[in-house]
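Participant: One structure, pasted below without further comment.
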Amino acid sequence: IRTAAVIPAAGRGVRLGPGAPKALRALNGTPMLIHAVRALAASRAVSLVVVVAPPDGAGEVKSLLDAHALPERTDFLVVPGGESRQESVKLGLDALPAAYDIVLVHDAARPLVPVDTVDAVIEAVREGAPAVVPALPLADTVKEVEPAAAAGEPEPVVATPERARLRAVQTPQGFDRATLVRAHETVTDNVTDDASMVEQLGETVVVVPGHEEAFKVTRPLDLVLAEAVLARRRL
Ligand code: C5P
């Protein structure tokens, strides 16, 4: 069984503030995307990494991959992305050679995911789950609200889901390839992760333990945290 990883890296990263596309911003001097590629290629099971670049940035991303040391046993492909994360993932899937039966989808914005988490996801797919997500329990209580009609208006709370039953979902998410392809062909709603498309097909999605260091670099404080994690790893 061969495993490939698709890394959507085509987002602009507006919430991070002005600057280069998020995946190309540096963490301790190395672009976030390179950290993410290394994190997935660190798994011996992953033999191909497909990077989905910003639509006008495929050339730049190819040069970046060439300029950084990456494992020799791994193949790399770069394809241009789309308007939404979903479209970018679909373009990455379209580029996969036939030999791959298991696909991981991993956000470039989660550059520090440990290899043990990657391997745990792959293992659960190999054991027969059509879709696997790494996830963590929540520290915060979560409220569902009626979103404000205008900015600054207070928002009424609609419900408080029982926290013990909630999980914060990370990536890489792992899939039986045929199931993920069918999900992308069938589901047209706007979703924020790939597993929810598989849920909509009525297929089982299972959770394995995630890791704190697989957090998503989204806001400026996350850059500080990511650099602190990298500094601690070098100790
Ligand atoms: O915006 P968000 O943080 O959810 O993005 C998650 C991942 O999806 C990021 O790695 C981002 O680069 C990627 N993405 C993409 N194509 C888009 C939008 C986001 O590949 N059009």
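For the record, in the sequence shown the residue sitting at position 158 is 169 according to UniProt numbering, with numbers rising by one throughout. A virtual CB, placed ideally from N, CA and C, is assigned to each residue, including glycine. Nothing here was measured: the structure is a model prediction, and the numbers come from that model.
1) Considering only heavy atoms of the ligand C5P, does any lie closer than 7 Å to the CB of residue 118?
2) Within the same chain, show all residues whose beta-carbon is closer than 7 Å to that of residue 52, passing over the 5 residues directly before and after it, in chain order.
3) Would you mind working out which of 190, 75 and 67 sits nearest residue 46, comparing C-alpha positions?
4) Would the C-beta of residue 33 count as close to the ligand C5P, meaning under 7 Å from any of its heavy atoms?
5) Of the residues 38, 90, 49 and 146, which one's Cα is nearest the Cα of residue 105?
6) Between 237, 130 and 193, which has its C-alpha nearest residue 15's C-alpha?
7) Return the first residue and the last residue of the alpha helix (DSSP H) that residue 185 is part of.
8) Pairing CB atoms from the stretch 135 to 149 with CB atoms from the stretch 176 to 193, are three or more of them under 8 Å?
9) Alpha carbon to alpha carbon, what distance is there between residue 217 and residue 128?
10) If we call anything under 8 Å between Cβ atoms a contact, is residue 38 one with residue 122?
11) The alpha helix (DSSP H) with residue 74 in it runs from where to where?
12) Report the CB separation of residue 22 from residue 29 in whole angstroms; it is logged as a contact under 8 Å.
13) Taking a contact to mean a Cβ-Cβ separation below 8 Å, would you say residue 133 touches residue 54 in this structure?
14) At the level of alpha carbons, what is the spacing between residue 220 and residue 116?
15) Starting from the Cα of residue 226, find the closest Cα among 182, 12, 193 and 171 and give me that residue.
16) Just curious, the alpha helix (DSSP H) that residue 14 is in, first and last residue?
17) Report all residues from its chain with a CB closer than 7 Å to the CB of residue 210; omit the five preceding and five following residues, and keep chain order.
18) Can you look up residue 149 in the DSSP assignment and give me helix, strand or coil?
19) Check for me: the alpha helix (DSSP H) holding residue 118 runs from which residue to which?
20) Alpha helix (DSSP H) containing residue 50: first to last residue?
21) Any idea which residues DSSP pairs residue 142 with across the strands?
22) Output the distance between the C-alpha atoms of residue 232 and residue 243, rounded to the nearest integer angstrom.
Facilitator: In terms of the structure at hand:
1) Position 107 of the sequence shown, counting from 1, holds the residue named residue 118. Because some heavy atom of the ligand C5P lies under 7 Å away, the Cβ of residue 118 counts as near it: yes.
2) Indexing the sequence shown from 1 puts residue 52 at position 41. Closer than 7 Å at Cβ, skipping near neighbours: 60, 81, 82 and 85.
3) Position 35 of the sequence shown holds residue 46. Residue 75 is the option with its Cα nearest to residue 46.
4) Residue mapping note: residue 33 aligns to position 22 of the sequence shown, counting from 1. It does: the Cβ of residue 33 is within 7 Å (strictly closer) of some heavy atom of the ligand C5P.
5) For this step, residue 105 is matched to residue 94 along the sequence shown. Of the listed residues, the one whose Cα sits closest to residue 105 is 90.
6) On the sequence shown, residue 15 is found 4 positions in, with the first residue counted as 1. Residue 130 holds the alpha-carbon nearest to the alpha-carbon of residue 15 among 237, 130 and 193.
7) If you number the sequence shown from 1, residue 185 lands on position 174. In this chain, residue 185 is not harboured by any alpha helix (DSSP H); it is covered by the beta strand (DSSP E) spanning 184 to 187.
8) A contact between stretches requires three or more CB pairs, one per stretch, nearer than 8 Å, and the stretch 135 to 149 meets this requirement with the stretch 176 to 193.
9) Mapped onto the sequence shown, residue 128 falls at position 117. Mapped onto the sequence shown, residue 217 falls at position 206. Rounded to whole angstroms, the gap between the alpha carbons of residue 128 and residue 217 is 14 Å.
10) The sequence position of residue 38 within the sequence shown is 27, counting from 1. The sequence position of residue 122 within the sequence shown is 111, counting from 1. Pairing residue 38 with residue 122 gives a Cβ-Cβ distance under 8 Å.
11) Residue 74 sits at position 63 when you count from the first residue of the sequence shown. For residue 74, the uninterrupted alpha helix (DSSP H) run begins and ends at 69 to 78, by DSSP.
12) Position 11 of the sequence shown, counting from 1, holds the residue named residue 22. Position 18 of the sequence shown, counting from 1, holds the residue named residue 29. In this structure residue 22 does not touch residue 29 by the C-beta definition: roughly 14 Å separates them, more than the 8 Å allowed.
13) Indexing the sequence shown from 1 puts residue 133 at position 122. Indexing the sequence shown from 1 puts residue 54 at position 43. In this structure, residue 133 sits near residue 54, with a CB-CB distance shorter than 8 Å.
14) Against the sequence shown, residue 220 aligns to sequence position 209. Against the sequence shown, residue 116 aligns to sequence position 105. So the alpha carbons of these two residues sit roughly 17 Å apart.
15) Along the sequence shown, read from residue 1 onward, the residue named residue 226 stands at position 215. The shortest Cα separation from residue 226 among 182, 12, 193 and 171 belongs to 182.
16) The residue given as residue 14 occupies position 3 in the sequence shown. Run containing residue 14: none in the alpha helix (DSSP H); it sits in the beta strand (DSSP E), 14 to 19.
17) In the sequence shown, residue 210 corresponds to position 199, counting from 1. Excluding residues within five positions, the ones whose Cβ falls inside 7 Å are 216.
18) As a first step, residue 149 is located in the sequence shown; it is residue number 138 there, counting from the start. Coil at residue 149, not helix or strand.
19) By 1-based counting over the sequence shown, the position of residue 118 is 107. From DSSP, residue 118 is part of no alpha helix (DSSP H); its letter is neither H nor E.
20) As a position in the sequence shown, residue 50 is number 39, starting the count at 1. Here the alpha helix (DSSP H) through residue 50 covers 43 to 52.
21) As a position in the sequence shown, residue 142 is number 131, starting the count at 1. Under DSSP, residue 142 takes part in a beta bridge, and its partners are 186 and 216.
22) Sequence index remark: in the sequence shown, residue 232 carries index 221 (1-based). Sequence index remark: in the sequence shown, residue 243 carries index 232 (1-based). Those two C-alpha atoms are separated by around 17 Å.
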